[in-house]
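Novice: Residue numbers (the numbering used here): 13 to 200. C-beta: ideal position from N, C-alpha, C; glycine also.
1) Residue 166 and residue 75 - do their beta-carbons sit closer together than 8 Å?
2) In the structure shown, what three-state DSSP assignment does residue 139 receive?
3) Does residue 28 have its Cβ less than 8 Å from a Cβ in chain D?
4) DSSP three-state call for residue 161: helix, strand or coil?
5) Got a sec? Which residues, its chain only, sit under 6 Å from residue 130 by beta carbon, not counting five neighbours each side?
6) Using only alpha-carbon positions, find the residue among 81, 28, 77, 111 that is nearest to residue 59.
7) Classify residue 168 as helix, strand or coil using the three-state DSSP reduction.
8) Do residue 69 and residue 32 have their beta-carbon atoms positioned less than 8 Å apart in this structure?
9) Whose CA, out of 64, 83, 155, lies closest to the CA of residue 163?
10) Using the Cβ count rule (16 or more neighbours within 10 Å means buried), how would you classify residue 113?
11) Going by the beta-carbon positions, is the gap between residue 62 and residue 158 smaller than 8 Å?
12) Sorted by chain position, which residues of the same chain lie with C-beta nearer than 7 Å to residue 156's C-beta, five sequence neighbours on each side aside?
13) When you compare only the Cα positions, how much space is there between residue 160 and residue 28?
14) Identify, in the order they occur along the chain, each residue of the same chain with its Cβ nearer than 6 Å to the Cβ of residue 133, setting aside the five sequence neighbours on each side.
15) If you draw a straight line from the alpha carbon of residue 153 to that of residue 145, how long is it in whole angstroms?
16) Would you kindly report the start and end of the unbroken beta strand (DSSP E) that includes residue 153?
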């Protein structure tokens, strides 16, 4: 009987140590996610935060076009607190969790001067994917939010013309061959 108690105590201690390690790892992951979004939120001049059942509305003007850098759909307690949007969007008391929807939002918005998109569950903003990724959020009152980081870039790309070069008539007009605006700027 004494040996069984010792074995049970050993198993309980081992389980407790394992749980502490997992708790520590999840804490580190949560801190890292909050740090990433805090950096994006504070460093980015152009971003939009849209609550569920609202509309994402990005307007760049007629001489500029939208380039989507990142888009995330999910539960952003920290970002809502930082942006003072908790009275607008329904938040929760758990950690942040989201899914990457950059490709979907980029398809809808990049290349346009205005983008309006309803924020609700759809093929672009999947309820199933969000439920799988964020299954620990059990607050029925919480609703997901859409966070989008973007830039408005000029629709006219300048070309330097001097005595040493000229504009090839076959190249006039044209289009962007690279969707990565940052890469275009670096190569200039």
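Specialist: With the structure as the only source:
1) Indexing the chain shown from 1 puts residue 75 at position 63. Indexing the chain shown from 1 puts residue 166 at position 154. The answer is yes: Cβ separation under 8 Å.
2) Taking the first residue of the chain shown as position 1, residue 139 is located at position 127. Per DSSP, reduced to three states, the secondary structure at residue 139 is helical.
3) The chain inventory of the structure shown lacks chain D, comprising one protein chain alone.
4) Position 149 of the chain shown, counted from the first residue, corresponds to residue 161. The answer is strand: DSSP assigns residue 161 an E or B state.
5) Here residue 130 refers to the residue found at position 118 when the chain shown is read from its first residue. The answer, listed in chain order, is 67.
6) For the purposes of this step, residue 59 is taken as residue 47 along the chain shown, with counting starting at 1. Taking only the C-alpha atoms, the option nearest residue 59 is 81.
7) In the chain shown, residue 168 corresponds to position 156, counting from 1. Reduced to three states, the DSSP call for residue 168 is coil.
8) Here residue 32 refers to the residue found at position 20 of the chain shown. Here residue 69 refers to the residue found at position 57 of the chain shown. No, these two residues do not count as a Cβ contact at 8 Å.
9) Within the chain shown, residue 163 is the residue found at index 151, counting from 1. Nearest of 64, 83, 155 to residue 163, Cα basis: 83.
10) Against the chain shown, residue 113 aligns to sequence position 101. Burial of residue 113 is indicated by the presence of at least 16 other C-beta atoms within 10 angstroms of its C-beta.
11) Looking up residue 62 in the chain shown gives position 50. Looking up residue 158 in the chain shown gives position 146. Cβ distance < 8 Å, so residue 62 and residue 158 count as in contact.
12) For the purposes of this step, residue 156 is taken as residue 144 along the chain shown, with counting starting at 1. Counting only Cβ-Cβ distances below 7 Å, and skipping sequence neighbours, we find 64, 85, 86, 87, 142.
13) In the chain shown, counting from the first residue as 1, residue 160 sits at position 148. In the chain shown, counting from the first residue as 1, residue 28 sits at position 16. Residue 160 and residue 28: Cα-Cα distance of roughly 40 Å.
14) On the chain shown, residue 133 is found 121 positions in, with the first residue counted as 1. The residues are 139.
15) Residue 153 sits at position 141 when you count from the first residue of the chain shown. Residue 145 sits at position 133 when you count from the first residue of the chain shown. Distance between the alpha carbons of residue 153 and residue 145 is about 18 Å.
16) For this step, residue 153 is matched to residue 141 along the chain shown. Looking at the DSSP string, residue 153 is not in any beta strand (DSSP E), and its letter there is neither H nor E.
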